[in-house]
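Take a look at the structure set out below.
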Amino acid sequence: MAAIILCSFVGGCGPSFGTSNASSSSRDRDGVIYSGSYPINVVCTTAQVADIVSNVGGQHVRAENLMGPGVDPHLYQATPSDVTKLNGADIIFFNGLHLEGRLADLLVRFARRKPTFAVSEGLQEAHDSRLREPAEFQGHYDPHIWHDASLWSDCVRYTTEQLAEFDPSHADEYRANAERYIEQLTEAHEQFKRRLAEIPPERRVLVTAHDAFGYFGKAYDVEVHGLQGISTVSEANVATMQNTVDLLVNRKIKAVFVETSVSPRNVQALIEACAARGHQVSIGGSLYSDAMGQPGTPEGAYLGMLRHNVETIVEALK
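Letter 268 of the sequence shown, counting from 1, is numbered 347 in this note's numbering, and no numbers are missing.
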């Protein structure tokens, strides 16, 4: 019944498409310029994406995200209320890179009739060398790009240009807002490098519930291991668990981390397996991997979320 309701909202069910096609469909709609009242109603899939839109758009936009704190975007399925929000949107932004896998068809259908963009599209178009292509992710890029503030800065630039083209009357203001925000991201990026460098290299090992921190590790020189794969659709296998136990025991790593949007079950099993071999491992804290914190808290903003992660990791491992 839910599927029938969703399809009736968006005009029928058709074949499957990848999320990258949503942006392509929107680009075919050249000349679409906003002519309504302000603020512009922008609907985003994740809070990270909404954070970009809010910082760039300022008073001229109202950004709303479909997925809230603690929500796993890999497994998320749209509700009828989500479709209502998307129907009412003037423009839609999403992460892309198959993060919102189960929303792909819905995003493609909306892209046929209103501007819809993946904030990662600029990185894909440029074949950016910083994009990770894990072998186990079936030839796709790792979608967790927001864990590298320098990569996310380029997503800010791309989003800014889409807003500027959609609402040219405020284009200069959007670009000025973006430059100020990017300056903050650049400064934070360098701060994170210095802070994480305080952990001795042999202990700078991040073990988490799933492989969401690959970009983080590459950007900030941290060795990263996830029990599940890039997507939480995958399950932790016995070999991965055993190899991770060996790593923790042999290198005497003292802490592992749970995630706010992923079950801690596998991490708890890992701790118990280490204890059985005489090595005590504690939970170093809870990290924001696929979702941000509660609105109105420091972790409810993008930079606050990253700072929380960095401080939690440093305090547990140094």
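The C-beta atom is built at its ideal place from N, Cα and C for all residues, glycine as well.
All of these numbers come straight from a predicted model, not from anything done at the bench.
Under 7 Å between C-beta atoms of residue i and residue j
| i | j | result |
| --- | --- | --- |
| residue 371 | residue 126 | yes |
| residue 346 | residue 360 | no |
| residue 186 | residue 222 | no |
| residue 194 | residue 245 | yes |
| residue 216 | residue 309 | yes |
| residue 239 | residue 135 | yes |
| residue 241 | residue 189 | no |
Euclidean distance between Cα positions of residue i and residue j
| i | j | result |
| --- | --- | --- |
| residue 129 | residue 119 | 13 Å |
| residue 356 | residue 344 | 19 Å |
| residue 391 | residue 364 | 6 Å |
| residue 205 | residue 212 | 15 Å |
| residue 285 | residue 349 | 14 Å |
| residue 333 | residue 358 | 8 Å |
| residue 322 | residue 301 | 18 Å |
| residue 143 | residue 298 | 29 Å |
| residue 369 | residue 124 | 12 Å |
| residue 257 | residue 165 | 25 Å |
| residue 131 | residue 381 | 8 Å |
| residue 115 | residue 207 | 35 Å |
| residue 292 | residue 183 | 23 Å |
| residue 385 | residue 367 | 8 Å |
| residue 181 | residue 339 | 20 Å |
Cβ neighbours of residue i in the same chain (closer than 7 Å, five flanking residues each side left out)
| i | result |
| --- | --- |
| residue 237 | 198, 200 and 201 |
| residue 232 | 261, 264 and 265 |
| residue 254 | 239 and 243 |
Alpha helix (DSSP H) segment containing residue i, residue limits
| i | result |
| --- | --- |
| residue 189 | 183-190 |
| residue 240 | 228-245 |
| residue 471 | Because the chain is modelled from 80 through 397, residue 471 falls outside the range shown and cannot be assessed. |
| residue 195 | Taken as a continuous stretch (DSSP letters only), residue 195 belongs to no alpha helix (DSSP H), being part of the beta strand (DSSP E) at 195-197. |
| residue 307 | That residue, residue 307, is in no alpha helix (DSSP H); its beta strand (DSSP E) goes 302-307. |
| residue 271 | 250-275 |
| residue 173 | First-last for residue 173: 170-173, but that is the beta strand (DSSP E), not the alpha helix (DSSP H). |
| residue 140 | Segment 140-144 is the beta strand (DSSP E) holding residue 140; no alpha helix (DSSP H) there. |
| residue 394 | 381-396 |
| residue 324 | 317-330 |
| residue 288 | Segment 284-289 is the beta strand (DSSP E) holding residue 288; no alpha helix (DSSP H) there. |
| residue 348 | 344-355 |
Contact with chain D by residue i, beta-carbon distance below 7 Å
| i | result |
| --- | --- |
| residue 337 | In the structure shown, chain D does not exist; there is a single protein chain. |
Per-residue burial, residue i [other beta carbons within 10 Å of its own, 16 or more giving buried]
| i | result |
| --- | --- |
| residue 266 | exposed |
| residue 170 | buried |
| residue 251 | exposed |
| residue 152 | buried |
| residue 159 | exposed |
| residue 325 | exposed |
| residue 354 | exposed |
| residue 283 | buried |
| residue 224 | buried |
| residue 235 | buried |
| residue 157 | buried |
| residue 111 | exposed |
| residue 318 | exposed |
| residue 305 | buried |
| residue 388 | buried |
| residue 179 | buried |
Contact set for residue i: own chain, Cβ-Cβ below 6 Å, skip 5 residues either direction
| i | result |
| --- | --- |
| residue 229 | 268 |
| residue 295 | 226 |
| residue 377 | 383 |
| residue 121 | 132, 140, 142 and 170 |
| residue 249 | 139 |
Other residues of its chain near residue i: CB distance less than 8 Å, five sequence neighbours each side excluded
| i | result |
| --- | --- |
| residue 398 | Nothing in the structure corresponds to residue 398, since the chain is present only between 80 and 397. |
| residue 379 | 126, 148, 371, 372 and 373 |
| residue 375 | none |
Enclosing beta strand (DSSP E) for residue i [first to last residue]
| i | result |
| --- | --- |
| residue 365 | 361-366 |
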